[in-house]
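Asker:
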Amino acid sequence: MALQRVSRRAKWLLAILVVATSIAIVNASVFVFYPINVSLQGQAPPIVFSTGKNANQADLWGNTIGVTLDSTNTTLTLTLHPTWRTNLYKNISLIVNLDTTRTYYIKFNVTSPFTNAKITSAILYIKNLAGTTTYGTVNLLTSGLQPNSWISISNNPSKLRLDLIVIYTPANTDTPNSAAPNDSCTIQLVYSPQNAENPSP
Amino acid sequence: MKKYIAIFLISFLIFLPQLHASRFTLDTISASLVGQAPPVTLNQPAYTYTCLYLSRTSRAALTYQDFEGTSLPSNWASIGSTWSMIPGGGYKGGALQGTDNGGGIGGSTEFYWNTQVSFTSGSSYNITAKVKISAVPSNSIVYAGIAIIRNPTNMLYEISISSNNRFNIRLFSPSPTTLVFAQVTITLNTWYIIYVSITRTTTNIINAYLYDVNGNLLANISATNNNFNPNSGFFGVDVDTRGSATNNGVARFDDFLAGNGDLRFIRINNLQSGMQAQIIDNLGNLVASGSATTSNLALNVLSDVVVGTGTDGRIILKYPSGQNCLIYNNPTSNAILGGDTYTLITATMTIAIDSTKTLANNTFYISPSNANITQTIAIVISIVDSRTYYALLNLTSSSSLASGLYANITLSGSSNSTSIVITNSVVSTSITSEVSISGSNNYILISAYYTTAAKTSTLNLMLQYCTVANGNGACVLYPINLIIKS
Numbered sequence: 120m121a122l123q124r125v126s127r128r129a130k131w132l133l134a135i136l137v138v139a140t141s142i143a144i145v146n147a148s149v150f151v152f153y154p155i156n157v158s159l160q161g162q163a164p165p166i167v168f169s170t171g172k173n174a175n176q177a178d179l180w181g182n183t184i185g186v187t188l189d190s191t192n193t194t195l196t197l198t199l200h201p202t203w204r205t206n207l208y209k210n211i212s213l214i215v216n217l218d219t220t221r222t223y224y225i226k227f228n229v230t231s232p233f234t235n236a237k238i239t240s241a242i243l244y245i246k247n248l249a250g251t252t253t254y255g256t257v258n259l260l261t262s263g264l265q266p267n268s269w270i271s272i273s274n275n276p277s278k279l280r281l282d283l284i285v286i287y288t289p290a291n292t293d294t295p296n297s298a299a300p301n302d303s304c305t306i307q308l309v310y311s312p313q314n315a316e317n318p319s320p
Numbered sequence: 010m011k012k013y014i015a016i017f018l019i020s021f022l023i024f025l026p027q028l029h030a031s032r033f034t035l036d037t038i039s040a041s042l043v044g045q046a047p048p049v050t051l052n053q054p055a056y057t058y059t060c061l062y063l064s065r066t067s068r069a070a071l072t073y074q075d076f077e078g079t080s081l082p083s084n085w086a087s088i089g090s091t092w093s094m095i096p097g098g099g100y101k102g103g104a105l106q107g108t109d110n111g112g113g114i115g116g117s118t119e120f121y122w123n124t125q126v127s128f129t130s131g132s133s134y135n136i137t138a139k140v141k142i143s144a145v146p147s148n149s150i151v152y153a154g155i156a157i158i159r160n161p162t163n164m165l166y167e168i169s170i171s172s173n174n175r176f177n178i179r180l181f182s183p184s185p186t187t188l189v190f191a192q193v194t195i196t197l198n199t200w201y202i203i204y205v206s207i208t209r210t211t212t213n214i215i216n217a218y219l220y221d222v223n224g225n226l227l228a229n230i231s232a233t234n235n236n237f238n239p240n241s242g243f244f245g246v247d248v249d250t251r252g253s254a255t256n257n258g259v260a261r262f263d264d265f266l267a268g269n270g271d272l273r274f275i276r277i278n279n280l281q282s283g284m285q286a287q288i289i290d291n292l293g294n295l296v297a298s299g300s301a302t303t304s305n306l307a308l309n310v311l312s313d314v315v316v317g318t319g320t321d322g323r324i325i326l327k328y329p330s331g332q333n334c335l336i337y338n339n340p341t342s343n344a345i346l347g348g349d350t351y352t353l354i355t356a357t358m359t360i361a362i363d364s365t366k367t368l369a370n371n372t373f374y375i376s377p378s379n380a381n382i383t384q385t386i387a388i389v390i391s392i393v394d395s396r397t398y399y400a401l402l403n404l405t406s407s408s409s410l411a412s413g414l415y416a417n418i419t420l421s422g423s424s425n426s427t428s429i430v431i432t433n434s435v436v437s438t439s440i441t442s443e444v445s446i447s448g449s450n451n452y453i454l455i456s457a458y459y460t461t462a463a464k465t466s467t468l469n470l471m472l473q474y475c476t477v478a479n480g481n482g483a484c485v486l487y488p489i490n491l492i493i494k495s
């Protein structure tokens, strides 16, 4: 009797094993492995930052208009010393197209805007080198990709100039001895050899 | 089939990056603002009033004559002599020259303002003229001076210098009698100033003063005489030759002025304490200057009572600091004269500067006519930082200009900038040149007037200062609004 019960259980196990094995055999058969070779041919950056005419010149109160670049010239750090009212920093940095063969298109993505309420305006101007033509502006109080239109930077001329205007509006409680508040923002310079579409967020 | 699938997959993997991800590259900019207190502040000027205009409120002169031109003045008459105009031969400009021919009263010769002056009891007059003796016949004495002639014209008082080194009061009735004289050195061809007052009571009281052209008193004589008792008379000049020759003495005259008040001073009333005044003639010469210790100021113009050549001229009023407050331009049709009294009109500024001293509004009044030009310090700029900044002013397009506005706006620092220029409400230059500024003596200066009253303009200025010359380095802009009224 007991032997009969064992035999029945073995039959059920065998049947399950057969079914499972069959399914495995069916699924394994759809995986096909083809070789793909991805080759990364690293390039020097075609678009880089450069210091402008007023970089590291005198700022207010004996400070310096701090403009620093990383070793690859792809990270720009500005340290400015503004006061109340309209502060104008002209030609503090340049965007340079080193690729002599093609035009690039740039935009700016404000990832972390200025937030202090006493900064009532902060605009980055992208101009020609002489400063006579403005190609676009970036509102540094607003996050997101700016300006709406791509700014082209051709190989001739190959430089664009950055001006920054910051307006501080004091409160009635501020005095001549009150320093304007500190703040900071971060921006991404986005560039592409095409201007057909925006990058995904 | 597997072959097509493989081709599709390989193509997709190759082209997908080029369509999207590989096309966008991101560089990073980070900006840190390290806020500062303002190194430059705006402040109100030391004197918060403007000078609107100066108006002549009284004139002591009855007549004046500077003897300019080539023709003898109209409404003057002569008794004897040869009288002529000598352009360029005067103390300033031209002169009157008389050559005695003995044809006048008592053998003298006269040239006089042909308007009768009343000599009723209590009347008092002052007469002044510059005189110099130009030629003296040998062994003779030439007298030249002021004539107070009786009407009818047969008697006179002569207050004269004479070539025998005297200052005289002589009576011609009609023969001459010396009433009094003082010994004084008289140099040929040298100008002297005779100033005489005559008061008629029951007699004629004459006080006479002789000055050099710098206003230094050389002699003072007086006489009381009643030998003639006119109801009216004339004022003029005379030449007389006595001695071996009785003719041909020659004298010149300039700056003749007659009136019934003190002709030696020009008075300016309603001044602010400590204000300064200058009188400038039409030739650009400083005639008189002084500082007010009260609201009234008397300026001694004895050296040139008919200021300049008897036309236009200027009166400049200054704040106690010496900064101009008003330029009064006398019209060319008139003269600035000794005995004139002018009254100044001023108005108070309304200045509002924000709590950080980085924004300023100033409302003030200016002259309502081109006869007066208001000049003032609108704003003082102080550099709190020890360094030098480089600044300019810019008139923005948001300004509104009422008709008839003429204005120059200048930034004064280490030097004066070129000006923002508004001509009849049209901006011809909207920006100044750059000047360096340091310390606390930097100013926004305005020189302006309207052609009519009741006008208001708003001038929206931007003061730009930079850390580096020529607009380089860090630059800061302060709004400064001037509301200018007439």
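Chains as they are written, first to last, in this note's numbering: chain B, 120 to 320; chain F, 10 to 495. Cβ coordinates follow ideal geometry from the N, Cα and C atoms, glycine included.
Grab the span of the beta strand (DSSP E) containing F/Glu119 for me, first residue to last.
Answerer: By one-based count along the second sequence, residue 119 of chain F stands at place 110. Here the beta strand (DSSP E) through F/Glu119 covers 118 to 127.
Asker: Unbroken beta strand (DSSP E) runs of length 3 or more, entirely within the region 29 to 70 of chain F: which are they?
Answerer: Fully enclosed beta strand (DSSP E) runs of 3 or longer: 34 to 42, 49 to 52, 58 to 68.
Asker: What are the residues that DSSP puts in a beta bridge with F/Val193?
Answerer: Indexing the second sequence from 1 puts residue 193 of chain F at position 184. None, per the DSSP bridge assignment.
Asker: Please confirm if B/Leu217 has its CB atom under 8 Å from at least one CB of chain F.
Answerer: What you label residue 217 of chain B is simply residue 98 of the first sequence in a count that begins at 1. Taking Cβ atoms only, chain F never reaches closer than 8 Å to B/Leu217, which makes this a no.
Asker: Between the alpha carbons of F/Thr37 and B/Thr230, how many angstroms are there, rounded?
Answerer: Position 28 of the second sequence, counted from the first residue, corresponds to residue 37 of chain F. Position 111 of the first sequence, counted from the first residue, corresponds to residue 230 of chain B. Roughly 10 Å separates the two Cα atoms.
Asker: Quick check: is the beta carbon of F/Gln53 nearer than 8 Å to any beta carbon in chain B?
Answerer: By one-based count along the second sequence, residue 53 of chain F stands at place 44. For F/Gln53, the answer is no, since every Cβ of chain B falls outside 8 Å of its Cβ.
Asker: For the region 299 to 315 of chain B, enumerate the residues whose C-beta is nearer than 8 Å to any C-beta of chain F, in chain order.
Answerer: Cβ contacts with chain F: Ala299, Pro300, Asn301, Asp302, Ser303, Cys304, Thr305, Ile306, Gln307, Leu308, Val309, Tyr310, Ser311, Pro312, Gln313.
Asker: Going along chain B in order, which residues have a C-beta closer than 8 Å to the C-beta of F/Pro48?
Answerer: Numbered from its first residue, the second sequence carries residue 48 of chain F at position 39. By Cβ distance, chain B contributes Leu179, Trp180, Thr202.
Asker: Would you say B/Asn296 and F/Val485 are within 8 Å of each other, going by their C-beta atoms?
Answerer: The residue given as residue 296 of chain B occupies position 177 in the first sequence. The residue given as residue 485 of chain F occupies position 476 in the second sequence. The answer is no: Cβ separation not under 8 Å.
Asker: Counting only Cβ-Cβ distances shorter than 9 Å, please list the residues of the region 34 to 48 of chain F near chain B, keeping chain order.
Answerer: Under the 9 Å Cβ criterion, the region 34 to 48 of chain F contributes Thr34, Leu35, Asp36, Thr37, Ile38, Ser39, Ala40, Ser41, Leu42, Val43, Gly44, Gln45, Ala46, Pro47, Pro48.
Asker: Kindly indicate if chain B contains any beta-carbon less than 8 Å away from that of F/Thr367.
Answerer: For the purposes of this step, residue 367 of chain F is identified with residue 358 of the second sequence, where counting begins at 1. Judged by the 8 Å Cβ criterion, F/Thr367 is in contact with chain B.
Asker: From the DSSP output, in three-state form, read off F/Asp394 for me.
Answerer: Taking the second sequence and counting its residues from 1, the one referred to as residue 394 of chain F is at position 385. Looking at F/Asp394 - three-state DSSP - the assignment turns out to be coil, as it is neither helix nor strand.
Asker: Tell me, please, whether the region 356 to 370 of chain F touches the region 404 to 415 of chain F by the rule of three or more beta-carbon pairs shorter than 8 Å.
Answerer: Flag = no, the region 356 to 370 of chain F and the region 404 to 415 of chain F do not touch.
Asker: Which of the residues in the region 475 to 492 of chain F, read from start to end, lie with their CB under 9 Å from any CB of chain B?
Answerer: For the region 475 to 492 of chain F, which is checked against every Cβ of chain B, the residues closer than 9 Å are Cys475, Thr476, Val477, Gly480, Asn481, Gly482, Ala483, Cys484, Val485, Leu486, Tyr487, Pro488.
Asker: Would you kindly report the start and end of the unbroken beta strand (DSSP E) that includes F/Arg251?
Answerer: On the second sequence, residue 251 of chain F is found 242 positions in, with the first residue counted as 1. Taken as a continuous stretch (DSSP letters only), the beta strand (DSSP E) holding F/Arg251 covers 241 to 252.
Asker: Classify F/Leu308 as helix, strand or coil using the three-state DSSP reduction.
Answerer: To locate residue 308 of chain F, count along the second sequence from 1; it is residue 299. Of the three classes helix, strand and coil, the one that applies to F/Leu308 here is strand, per DSSP.
Asker: When DSSP builds the beta bridges, which residues end up paired with F/Ile324?
Answerer: Taking the first residue of the second sequence as 1, we reach residue 324 of chain F at position 315. F/Ile324 is bridged to F/Ile288, F/Tyr337.
Asker: Counting only beta-carbon separations shorter than 8 Å, does B/Pro289 have a partner in chain F?
Answerer: If you number the first sequence from 1, residue 289 of chain B lands on position 170. True, the Cβ-Cβ gap to chain F drops below 8 Å.
Asker: Hey, is F/Asp271's beta-carbon within less than 8 Å of any beta-carbon in chain B?
Answerer: Numbered from its first residue, the second sequence carries residue 271 of chain F at position 262. It does not: the Cβ of F/Asp271 has no partner Cβ on chain B nearer than 8 Å.
Asker: Which residues does DSSP pair with F/Ala217 in a beta bridge?
Answerer: Taking the second sequence and counting its residues from 1, one reaches residue 217 of chain F at position 208. Answer by DSSP bridge pairing, in chain order: F/Val205, F/Ile230.
Asker: Run the CB neighbour count on B/Phe152, radius 10 Å, all protein chains shown included, and call it buried at 16 or more, exposed below.
Answerer: Taking the first sequence and counting its residues from 1, one reaches residue 152 of chain B at position 33. When all chains shown are included, B/Phe152 counts as exposed.
Asker: Using a Cβ cut-off of 8 Å (strictly closer), state whether B/Gln162 contacts chain F.
Answerer: If you number the first sequence from 1, residue 162 of chain B lands on position 43. Not one chain F Cβ lies under 8 Å of B/Gln162.
Asker: Between the Cα of B/Ala298 and the Cα atoms of B/Thr261, B/Tyr287, B/Gln160, B/Thr305, which residue gives the shortest distance?
Answerer: As a first step, residue 298 of chain B must be located in the first sequence, where it is residue number 179. Cα-wise, what sits closest to B/Ala298 is B/Tyr287.
Asker: Going by the CB atoms, is the gap between F/Asp290 and F/Asp264 shorter than 8 Å?
Answerer: Stepping through the second sequence from its first residue, residue 264 of chain F is reached at position 255. Stepping through the second sequence from its first residue, residue 290 of chain F is reached at position 281. Not a contact, by the Cβ cut-off of 8 Å.
Asker: If you measure from the beta carbon of F/Asp221 to each beta carbon in chain B, is any gap under 8 Å?
Answerer: Here residue 221 of chain F corresponds to residue number 212 of the second sequence, with the count starting at 1. F/Asp221 does not count as touching chain B.
Asker: Return helix, strand or coil for F/Lys366, following the three-state DSSP convention.
Answerer: Within the second sequence, the letter at position 357 stands for residue 366 of chain F. DSSP places F/Lys366 in coil when its eight states are reduced to three.
Asker: Contact check, F/Ser143 vs F/Val222 under 8 Å by CB: the rounded distance?
Answerer: As a working mapping, residue 143 of chain F is identified with position 134 in the second sequence. As a working mapping, residue 222 of chain F is identified with position 213 in the second sequence. That pair is no contact at about 16 Å.
Asker: Suppose you measure from the CA of F/Asn163 to the CA of F/Ile203; what does that come to, to the nearest Å?
Answerer: Within the second sequence, the letter at position 154 stands for residue 163 of chain F. Within the second sequence, the letter at position 194 stands for residue 203 of chain F. Rounded to whole angstroms, F/Asn163 to F/Ile203 spans 23 Å at the Cα level.
Asker: Taking the straight line between their C-alpha atoms, what separation do you get for F/Thr50 and F/Thr419?
Answerer: Within the second sequence, the letter at position 41 stands for residue 50 of chain F. Within the second sequence, the letter at position 410 stands for residue 419 of chain F. Distance between the alpha carbons of F/Thr50 and F/Thr419: 18 Å.
Asker: On the CB-based measure, 16 or more other CB atoms within 10 Å of its CB, does F/Ala30 come out buried or exposed?
Answerer: Counting from 1 along the second sequence, the entry for residue 30 of chain F is found at position 21. At F/Ala30 the pLDDT is 43, less than 50, meaning the model places this residue with poor confidence and gives no usable figure here.
Asker: Using a Cβ cut-off of 7 Å, pull out every chain B residue sitting near F/Arg323, in sequence order please.
Answerer: Position 314 of the second sequence, counted from the start, is the residue given in the question as residue 323 of chain F. Ordered by position in chain B, no residue passes the 7 Å Cβ test against F/Arg323, which lies about 40 Å from the chain.
Asker: Start and end of the beta strand (DSSP E) containing F/Trp200?
Answerer: Counting from 1 along the second sequence, the entry for residue 200 of chain F is found at position 191. Run containing F/Trp200: none; DSSP gives neither H nor E here.
Asker: Using a Cβ cut-off of 7 Å, pull out every chain B residue sitting near F/Arg396, in sequence order please.
Answerer: Taking the first residue of the second sequence as 1, we reach residue 396 of chain F at position 387. Correct list: Gly181.
Asker: Between the C-alpha atoms of F/Ser437 and F/Ile429, what's the straight-line distance to the nearest angstrom?
Answerer: Residue mapping note: residue 437 of chain F aligns to position 428 of the second sequence, counting from 1. Residue mapping note: residue 429 of chain F aligns to position 420 of the second sequence, counting from 1. Each residue's alpha carbon lies about 8 Å from the other.
Asker: For B/Ile184, which three-state DSSP category applies?
Answerer: On the first sequence, residue 184 of chain B is found 65 positions in, with the first residue counted as 1. In this structure, B/Ile184 counts as coil in the three-state DSSP scheme.
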